[in-house]
Every structure is written in structure tokens, then in C-alpha cells.
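Remember, the numbering used here sits 16 above the position in the sequence shown when you count from 1. Beta carbons are placed, not taken as given, at the ideal position from N, Cα and C, and that holds for glycine.
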Amino acid sequence: MRLRSNDNVLITKGRDRGKRGRVSKVLPKRGRAVVEGVNVVTRHQKPAGAFRQGGIIEKELPLPLSNLMFYHEDCDSASRLGHRLMADGSKARVCKSCGEVIE
Ligand SMILES: [Zn+2]
């Protein structure tokens, strides 16, 4: 899995299965990613000092990468990612369903 921030993903497992969202943060060490609007929990938080407001807050919890699949908007499908070596020696990510280079 080579997801990055701002990638679109499809949730393939769990409570939010079938949802789509944008990756806001990848946590490689934990093998997880935060997806906007997905896996939202409400926390009832007590105020703690000036920086933490009390009340009910909504928070996105990171999801395991294995529950996510890259979603390619250009070809409108959930896809695996491949790599392609470009002419200049850099590596680019490629959508395996349409073969297009991503970004
Ligand atoms: Zn594609």
C-alpha cells in the first residue's frame, strides 16, 4: 500500500465499508491512515485548560491500511497501485485498472 495524503480511498472493511473519502494523514508506523469523514467517533470531553474545550467533539480515528483501497477518480474505480519507472529515473504511481500515472 502506498497511499499518500489527499488520495481518494474506498473503505473496504468495517463499519464504514463502501464509503469514500480523502486521506488526510498517513501513519506509516502504525499502518493506518486518517480518512476525512470516515470512522468518526464522538467524544464527550471535559474542558481542560484554555486549549481544550469541553463538550461533544467529533474525531476521525485512523483506519488500518488493509481496510482501504485506492480510488482513482479519473477512471472511477477502486484500484491497486503499481509503480512505473519514468524516463527521468523517478518512480511514479500507476493505477492498475486504467494504467494511467497518478498525479
Ligand atoms: Zn485509474
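Go ahead and pull the three-state DSSP assignment for residue i.
{"i": "residue 44", "result": "helix"}
{"i": "residue 83", "result": "helix"}
{"i": "residue 115", "result": "coil"}
{"i": "residue 36", "result": "strand"}
{"i": "residue 52", "result": "coil"}
{"i": "residue 28", "result": "coil"}
Would you tell me roughly how many angstroms separate the C-alpha atoms of residue i and residue j, rounded to the nearest one?
{"i": "residue 40", "j": "residue 103", "result": "30 angstroms"}
{"i": "residue 111", "j": "residue 24", "result": "12 angstroms"}
{"i": "residue 61", "j": "residue 76", "result": "15 angstroms"}
{"i": "residue 50", "j": "residue 109", "result": "20 angstroms"}
{"i": "residue 12", "j": "residue 33", "result": "Residue 12 is absent from the model: the chain starts at 17 and stops at 119."}
{"i": "residue 84", "j": "residue 52", "result": "13 angstroms"}
{"i": "residue 122", "j": "residue 99", "result": "Coverage of the chain is limited to positions 17 through 119, which leaves residue 122 absent and any answer about it impossible."}
{"i": "residue 27", "j": "residue 88", "result": "13 angstroms"}
{"i": "residue 54", "j": "residue 90", "result": "22 angstroms"}
{"i": "residue 30", "j": "residue 79", "result": "9 angstroms"}
Just checking residue i against ligand 1 - is the residue's beta carbon closer than 7 angstroms to any of the ligand's heavy atoms?
{"i": "residue 90", "result": "yes"}
{"i": "residue 116", "result": "yes"}
{"i": "residue 40", "result": "no"}
{"i": "residue 82", "result": "no"}
Could you give the C-beta distance for residue i and residue j, rounded to a whole number, given that I count them as a contact under 8 angstroms?
{"i": "residue 48", "j": "residue 81", "result": "6 angstroms"}
Three or more C-beta pairs closer than 8 angstroms, one from the stretch 50-58 and one from the stretch 87-96: is that the case here?
no
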